[in-house]
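Everything on this sheet refers to the single structure shown next.
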Amino acid sequence: MLARISRRLAGLLATLLAASFVIFAAVYAAPGDPAVFLAGGRDKLTPEKLELVRAQYHLDEPLVVQYGRWLGDCLHFDLGRSFKYSDQVADLIVARFPTTLALVAYATVLFVVLGVGAGILAAVRRGTWVDSAVVGGTTLAASVPSFVSAIALAAVFGVQLGWFPVTGGGEGFTGTLHHLTLPALALALGALAIISRVTRQAMADAGAADHVEAARSSGIPEREIVRRHILRNALGPIVTMCGLVMAGMLAGTVVVETAFGISGIGSLLVGAINTHDFPVAQAVLLLMVTGYIVVTTLVDLVHPLLDPRVKEAAA
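Structure representation (structure tokens):
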């Protein structure tokens with residue numbers, strides 16, 4: 065087990081290192097010169113002033129040297145200063161990250177409860193109209209892009225019915241819950257469809273096992289069989305997929321936060337890209353990638369504990 069954890073941690077660090085270089089290089093490869101933005105635009109910009117700005121921000125150094133300098137600062141929790149806001153990037157992220165984290169947590173609760181519940185219902189009622197309704201509903205939910213569902217939810221439940229606010233993140237637990245309900249629903253709809261499908265199939269596979277048939281033959285009530293034999297054996301792929309989907313949501317908040325005017329990490333990234341605020345864009349992308357890699361690594365480590373078959377294969 066310790067060897068497996070060590071291998072996964074080594075892989076995590078190697079992936080993070082490669083991802084950090086790709087993020088740094090990709091942002092600098094984007095159209096637009098950061099030195100021009102830092103100098104205040106091309107109006108009255110002289111070559112001498114441009115060179116001065118490049119030297120001040122080390123933009124005249126080779127890309128690898130700039131990357132090494134940036135990575136070293138990141139390891140010391142120094143993410144630089146925003147070109148646009150002139151504030152420390154870490155302070156901007158700390159101020160907005162709780163909102164994004166609350167949105168992802170809310171959406172995760174929704175898609176886990178509703179998605180797993182719908183998948184179990186479809187598996188238990190397999191072949192009936194209930195199964196068809198769940199499959200049809202989840203197919204429709206998966207086919208609608210998040211920005212379309214965000215607009216539809218805001219139009220119906222925000223504007224027409226007035227049940228929920230359509231902008232802002234709210235204050236306090238109740239206010240945050242109220243403001244983030246529609247964004248969380250928009251974010252969770254596509255994930256809900258994926259989780260319900262995975263749950264349905266995992267339950268079907270677990271239900272076809274020999275020991276389940278033996279339990280039915282012995283007269284054990286079906287509810288007990290589902291709870292103790294089918295759902296328990298199906299937990300491995302369900303938990304794995306829930307973790308992967310939740311990790312992907314960290315990046316998926318960009319569209320929903322923009323649609324609902326929420327001041328989170330996603331909207332901060334969009335603003336940074338539009339204004340060539342490279343330190344902010346690099347830090348937010350690195351945070352998103354780190355969150356995804358850490359969550360997927362944890363899921364990979366937990367999976368064998370939930371599924372004995374995977375544990376035996378890993379051993």
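In this note's numbering, the protein residues as written are 65 to 379.
Every residue gets a Cβ at the ideal spot worked out from N, C-alpha and C, and that includes glycine.
This structure is a prediction, so every number in the text was calculated from the model and none was measured.
Output yes or no for whether 9 Å exceeds the beta carbon distance between LEU167 and ALA248.
yes
Nearest chain B C-beta to HIS122 closer than 9 Å, yes or no?
Looking for chain B here will not work: only one protein chain is present.
For a test of the three-state rule: what should DSSP assign to ARG264, helix, strand or coil?
helix
Please classify MET65: is it buried, with 16 or more other beta-carbons within 10 angstroms of its beta-carbon, or exposed?
exposed
Evaluate LEU133 with the Cβ neighbour count: other Cβ atoms within 10 Å of its Cβ, from every protein chain shown; 16 or more gives buried, anything less gives exposed.
With the sequence shown as reference, residue 133 is identified as Arg, and Leu is not the correct amino acid for it. Its Cβ having fewer than 16 others within 10 Å, ARG133 is exposed.
Alpha helix (DSSP H) runs contained entirely in the segment 271-297, provided each spans 4 or more residues:
274-281, 286-289
Near ALA268, which residues of its chain fall below 6 Å by C-beta distance, leaving aside the five closest residues on each side in sequence?
ALA187
Any chance you could list the alpha helix (DSSP H) runs of at least 4 consecutive residues sitting entirely within the segment 115-198, in chain order?
127-139, 153-188
Sorted by chain position, which residues of the same chain lie with C-beta nearer than 7 Å to LEU314's C-beta, five sequence neighbours on each side aside?
VAL168, MET352, GLY355, TYR356
Between which residues of its own chain and LEU143 is the CB-CB distance below 6 Å, once the five residues before and five after are set aside?
VAL153, ALA154, ALA347
By the three-class DSSP mapping on this structure, what secondary structure does VAL230 have?
coil
Give me the Cβ distance between SER196 and GLY316, rounded to the nearest whole Å; I'm assuming they're in contact under 8 Å.
Actually they are not in contact, since the Cβ atoms of SER196 and GLY316 sit about 29 Å apart, beyond 8 Å.
Quick check: the Cα distance between ILE157 and VAL344, rounded to an integer number of angstroms?
8 Å
Rounded separation between ALA90 and LEU127 - CA only
11 Å
Of the choices HIS367, THR360, ILE326, ASP341, whose alpha-carbon is the least far from that of THR163?
ILE326
Given 8 Å as the limit, tell me if GLN346 has its C-beta closer than that to any heavy atom belonging to the ligand COA.
The model depicted lacks the ligand COA and carries no ligand whatsoever.
Taking 9 Å as the threshold (C-beta atoms), are GLY183 and ILE259 in contact?
yes
When you compare each of SER150, PRO285, PHE221, GLY233 to PHE383 by their alpha carbons, which one comes out closest?
In the structure displayed, the chain extends from 65 to 379; residue 383 sits before or after that span and is not available.
Here's a check: name, in chain order, each residue in its chain whose Cβ is nearer than 8 Å to the Cβ of LEU362, leaving out the five neighbours to either side.
GLY307
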